[in-house]
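>
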Amino acid sequence: MITNHLKLLVGGVQLRDGVVTVTDVLGRILTRAGLYVLAMERGYASTIYGAHQYDPMVIADQPPISWGDPALDILVALDYDSNPDASQQPNRDTVLRHESHLKDGGVLVYDSSTGEIPTETLERRGIKVFPLPARNVARDELKLDVVKNMVAVGALFRILEFDRDVSLLRKLVEERFMRKGQKVIDTNLQAAQRGREVVETVLKARGWTGTGYHLEPRPLTEPRLLISGNEALSIGAIQGGCRYYAGYPITPASAILEFLEEHLPKYGGRAMQGQNERESIRAALGAAVAGVRAMVGTSGPGLSLKVEEFGVSGMAEVPIVIVDTQRAGPSTGMPTKSEQADLSLVVFGGHGEIPRIVLAPSTQEECYTMMIDAHNLADKYQCPVFFLTDLNLSEGRKVVPEAVFTQTAPRVDRGTLVREEDLRKDGAYKRFALTPSGISPRLVPGTLGGIFKVTGSEHDERGFVSTDPAIRKAMMEKRARKMETYLREDAKPPQVFGTPDGKPVLVGWGSTRPVLLDAQQRLRAQKVDAAVVHFTHLWPFPTDVAKKVLGRASVIIAVEQNFSGQFADVIQSQSLLPVRRIVKYNGLPIYPSDVVGGVKQILLDGITHVRVGTEAPAPVRVSEGD
Amino acid sequence: MSDSNIAKSNGEPTVRAAQKPSAKLWDENATPRHRIQWCPGCGDFGVLAALKMALTKQEVTPANLLMVGGIGCSGQIRNYLNGNAFHGTHGGALAYALGAKMSRPDLTVIALAGDGDTFAIGVENFVHICRRDPGVMLVIMDNGVYGLTKGQHSPTHGRGMDIKEWSEESPPPFSPLRLALTAGATFVSQSFSGDPKHASEIYVQALQHKGFAMVNDFSPCVTYNKFNTYDWYREHGEEIPASHDPANLDAAWELLNDFDRRGRLPLGVVYRNPRAKKSVNRLPLWPEELQGADVRPLLQLFR
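Protein chains in written order, with the working numbering: chain A, 11 to 636; chain B, 2 to 304.
1. Starting from F303/B, find everything on chain A with Cβ-Cβ shorter than 7 angstroms and list it in chain order.
2. Just the chain B side, please: which residues come within less than 7 angstroms of K390/A by C-beta, in chain order?
3. Looking at the C-beta of P455/A, does it have a partner C-beta in chain B at a distance below 8 angstroms?
4. Would the beta-carbon of V266/A fall within 8 angstroms of that of V333/A?
5. Could you confirm whether any beta carbon from chain A is found closer than 8 angstroms to the beta carbon of E125/B?
6. Taking beta-carbon pairs under 7 angstroms, can you tell me which members of the segment 285-296 of chain B lie near chain A?
7. DSSP three-state call for M11/A: helix, strand or coil?
8. Is the Cβ of G278/A closer than 8 angstroms to any Cβ of chain B?
9. Express the C-alpha separation of Q203/A and N146/A in angstroms, rounding to a whole number.
10. Specify whether the segment 435-452 of chain A and the segment 481-489 of chain A touch according to this definition: at least 3 beta carbon pairs, one from each stretch, less than 8 angstroms apart.
11. I need the DSSP call for I581/A, collapsed to helix, strand or coil.
12. Please report the Cβ distance between A351/A and G360/A, rounded to the nearest whole angstrom; I am assuming they are in contact, meaning their Cβ atoms lie under 8 angstroms.
13. Shorter than 8 angstroms from the beta carbon of Q249/A to some beta carbon of chain B?
14. Answer yes or no: do I566/A and I592/A have a C-beta to C-beta separation smaller than 8 angstroms?
15. Name the two residues that bound the continuous alpha helix (DSSP H) containing F320/A.
16. Does the separation of the CB atoms of S192/B and V223/B fall below 8 angstroms?
17. Could you tell me how far apart the beta carbons of R280/A and L284/B are, in whole angstroms, since I believe they sit closer than 8 angstroms?
18. Name, please, each residue of chain A whose Cβ falls closer than 7 angstroms to the Cβ of G115/B.
19. In this structure, how does DSSP classify S174/A when only helix, strand and coil are distinguished?
20. Should A64/B be flagged as near chain A, meaning a C-beta pair shorter than 8 angstroms?
21. Can you check which of these residues, L236/A, A293/A, P602/A, is closest to R133/B by C-alpha distance?
22. Have a look at A413/A, V409/A, T457/A, G425/A and flag the residue whose alpha-carbon is nearest the alpha-carbon of R434/A.
23. Assuming the contact rule is C-beta atoms closer than 8 angstroms, L170/A and Y223/A should be a hit. Round their C-beta distance to whole Å, please.
24. Along the segment 284-317 of chain A, what residues have a CB closer than 9 angstroms to any CB found in chain B?
25. Identify, in the order they occur along the chain, each residue of the same chain with its Cβ nearer than 7 angstroms to the Cβ of V205/B, setting aside the five sequence neighbours on each side.
26. Under 8 angstroms, Cβ to Cβ, is there at least one residue of chain A near A24/B?
27. From what residue to what residue does the beta strand (DSSP E) around Y496/A run?
28. Just list the alpha helix (DSSP H) runs in the segment 55-142 of chain A, keeping only unbroken ones of 4 residues or longer that don't cross its boundaries, in chain order.
29. How about Y120/A: is its C-beta nearer than 8 angstroms to some C-beta of chain B?
30. Is it the case that the Cβ atoms of P524/A and S123/A are separated by a distance below 8 angstroms?
31. Contact criterion: CB-CB distance below 8 angstroms. Does N226/B meet it with respect to chain A?
32. Can you pull out the residues from the segment 99-112 of chain B whose beta carbon lies closer than 7 angstroms to at least one beta carbon of chain A?
33. Listed from N- to C-terminal order along the chain, which residues in the segment 125-144 of chain B have their beta-carbon within a distance smaller than 7 angstroms of any beta-carbon of chain D?
34. By the three-class DSSP mapping on this structure, what secondary structure does F213/B have?
35. Candidates L67/B, W27/B, Y81/B: which alpha carbon is nearest H35/B's?
36. For the structure I just gave you, are there three or more beta carbon pairs, one from the segment 548-558 of chain A and one from the segment 493-502 of chain A, closer than 8 angstroms?
Below is the structure:
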């Protein structure tokens, strides 16, 4: 009996089959039941309807170290044939694509409304198959198509021997459908009941006492949230004093815009859908010039459009937080797949040279805490602060203790913002006054006693345009000096797990940290002792710290989701240390097995650049849309 | 608390009893007259004069003024008078101004740009700012050329020229006023910087307008546009008659058609029809206004 330790996957036709509805209901209920849920590998296509969609979920007693490998315990296939006369089964994508990941002894639940599928090969592997005519139950018995998802939920809970008294499901259903009336609530609960009954019928008919899997509630010792990276960073922005947001709809950043459109006004702020990517960042910069904390959010293509404005922020010293929820590029790329390939753009993008800060949270918790830092840093250093997530982190959900968001009262520090009293003391105000730290006092327009001229042209201390060589030199150095100050005062060193001395060191950034830690554990079990060094503050690159931490490694291995190893190149060029790389860029998340395999190839075969996925079995060709 | 300096009103520029603006005040914190980098006779001098007159009349103070200058000779105007100024990318002026005004309705926000900045590279912003209607005044210094890059044609080049054949490379000029009306602008006007006093009267009306106020100002480039000169504008410009009702959209279109038929350029307010708008306060910005935001109601959504 496996209790509270499994990975399931729900799959179906996008929009039609309600994959996310099922995992959302599951996730919420399990969270309330004191279990830990991690769902960060959702696969979907850049289309609205018709393509295959799937959502894997790890369920455990303790916070899972990572999402693990693709191997599944339970496969839930919500798709059904829409054309039963077709010789090939067009809408059996879930089974076709994922059955090879289903473990021996696992469970398959599939919608049998339009017919049964051959399951001999599966049953030979000890897999228990549950045909579930969910669509038909919903449509024909309950006269409400959409509750087929609840039929599946009910079936799944019965398979997992969970929520036998239906108290948790009832509570959620009542909450969700209160406004739609008692009849809808009742129909949903009936649907779940029917799902349970079908499973019981199958169990009896097959003579199975159970499936070998069991979920049990645990005491909820503290309030917990099931939250995604985008949601966490949006709340972090509000907490961090951001009161102006502008964004253009783009996968996967649109959710930030929608969240802030709904909630930012409650805190006195405004969120605007720009008419395009450039209007968004320009309006945000205008708000920042006007004295308000401002932010924009986008993904790769939108970031490319904004590049000119990086320069404005850097040169005119206008603070702004720029969120890049990275997705697979280049160009339109794969809008619904995760990648870490925009690092070069945020570090080097833009003509000329500007001060800039690049942060990359690793977890949903850091999406919140580091976002507050991001706004403080933008104000203190009066430059662009890039906040890099990736699609998996942005959209991935995880159980997080509520205390992460409420424990300490985060400080809003607006840096050198001057007030009227300060001005009278100092005499003629100079927006770009040369200072030892490089940071000049900043004026909010409307403050009596001073005015500013702020420009993207080179300028003197007052902000008037100047090309005087001495002034230009002084200003370039002033702006650069701000970054020296940052490295001294605010840059956080990488997180080190284990001792790097004389060992192979796995280096990463962004959402790969859990995977590296998982791989580290597995390697240790195989007698390979590796350290993990994970960076959250990527630029300006902390060369001295990096050299100290990485310098004594036996071999440095960067693990990242891009083709060339962009962070590896940064480490190499800044520290002169050679960096091997394990890279994955096929749109799938990195798995611990990828890292373990890659490390072995590097250590045993002397390979310097491992490209994950080349040995993978040929995937089933299933159309995913544009 | 400095907060008292910043009006919590819904967009009205306020006067500080400490210092009512005079003409001399506008010359402080500004490039001295002899250092101004406009050619002698540049139409922008007229815009500058008209702007100072209008701001004085409206009792706007430099501290409460935020000018957003476009790229080019025209955008330099931001340094030639007292007041806060921002200068970003080409075509961006209106988008920056939008964000600034949305955040600080208490400031007087004026975008000052050329016809290239506004109608070529920035035309997307022009269209959408007309739609969004922020309380921003825009003065377009319209001279038919890109002066700073030495005289290339802008989208308004070719006015009044008798050209027999057009091409994709050299298309005919388009009408700023028609574009503004089409895009839903609530204040559409045109002026001539060769008559700064008259222009300033239009600027005053623009400053008073509760919404986006567009002023297309003919500002001759004496160096690069030898066709649309001061004399040319004096000959072809014509005051909009007092009988015109600017609140009437049909009348506005008819006026444009009439003037076009007669080969004349209307000077004055073509259309003025403020919208009903939500009133907004300035956004919170001081640390004491931002510290300790209670996000617990948001966390409830994820339990």
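Every residue, glycine too, gets a C-beta built ideally from N, C-alpha and C.
Well, looking at it:
1. Near F303/B (Cβ distances below 7 angstroms), the residues of chain A are L235, L236, I237, E241.
2. Near K390/A there are no residues of chain B at all, since even the closest Cβ is about 12 angstroms away, more than 7 angstroms.
3. Chain B contact via Cβ: present.
4. For clarity, residue 266/A is Ile in the given sequence; the question names Val instead. Contact flag set, yes.
5. Closer than 8 angstroms: yes.
6. Correct list: P285, L286, P288, L291, Q292, G293, A294, V296.
7. Residue state, collapsed to three classes: coil.
8. Answer yes: the Cβ-Cβ gap between G278/A and chain B drops below 8 angstroms somewhere.
9. Their Cα atoms are separated by approximately 14 angstroms.
10. Taking one beta carbon from each stretch, the segment 435-452 of chain A and the segment 481-489 of chain A have 3 or more pairs nearer than 8 angstroms; the two touch.
11. Here I581/A carries a helix assignment [DSSP, helix/strand/coil].
12. No, A351/A and G360/A are not in contact; Cβ-Cβ is about 17 angstroms, not under 8 angstroms.
13. Look at Q249/A: its C-beta is under 8 angstroms from a C-beta on chain B.
14. At least 8 angstroms separates the beta-carbon of I566/A from that of I592/A.
15. That run of the alpha helix (DSSP H) goes 310-326.
16. No, Cβ-Cβ distance for S192/B and V223/B is not below 8 angstroms.
17. Yes, R280/A and L284/B are in contact; Cβ-Cβ is about 6 angstroms, under 8 angstroms.
18. Chain A residues near G115/B: none, gap ~16 angstroms exceeds 7 angstroms.
19. Per the sequence presented here, residue 174/A reads as Arg, with Ser not at that position. In this structure, R174/A counts as coil in the three-state DSSP scheme.
20. Chain A, which has a Cβ nearer than 8 angstroms to the Cβ of A64/B, makes this yes.
21. Comparing Cα positions, the closest option is A293/A.
22. Per the Cα distances, T457/A.
23. Going by Cβ atoms, the distance from L170/A to Y223/A rounds to 6 angstroms, so yes, they are a contact pair.
24. Flagged, chain order: G284, Q285, N286, R288, E289, S290, I291, R292, A293, A294, L295, G296, A297, A298, V299, A300, G301, V302, R303, A304.
25. So the qualifying residues of the chain are A55, K58, Q59.
26. Contacts with chain A at 8 angstroms (Cβ-Cβ) do not include A24/B.
27. Boundaries for Y496/A: no beta strand (DSSP E) harbours it, while the alpha helix (DSSP H) harbouring it runs 479-499, taken from the DSSP string.
28. Listed in chain order, the complete alpha helix (DSSP H) runs (minimum 4 residues) inside the segment 55-142 of chain A are 103-108, 130-134.
29. No, Y120/A lies away from the interface with chain B (no Cβ there is under 8 angstroms from its Cβ).
30. Pairing P524/A with S123/A gives a Cβ-Cβ distance that is not under 8 angstroms.
31. Not closer than 8 angstroms to any Cβ of chain A, the Cβ of N226/B fails to qualify, so no.
32. Contacts with chain A (Cβ-Cβ distance below 7 angstroms) from the segment 99-112 of chain B involve L99, G100, A101, M103, S104, R105, D107, L108, listed in chain order.
33. This model lacks chain D altogether, as its protein chains are A and B.
34. Coil, per DSSP.
35. Measuring from the Cα of H35/B, the nearest candidate turns out to be Y81/B.
36. The segment 548-558 of chain A vs the segment 493-502 of chain A: in contact.
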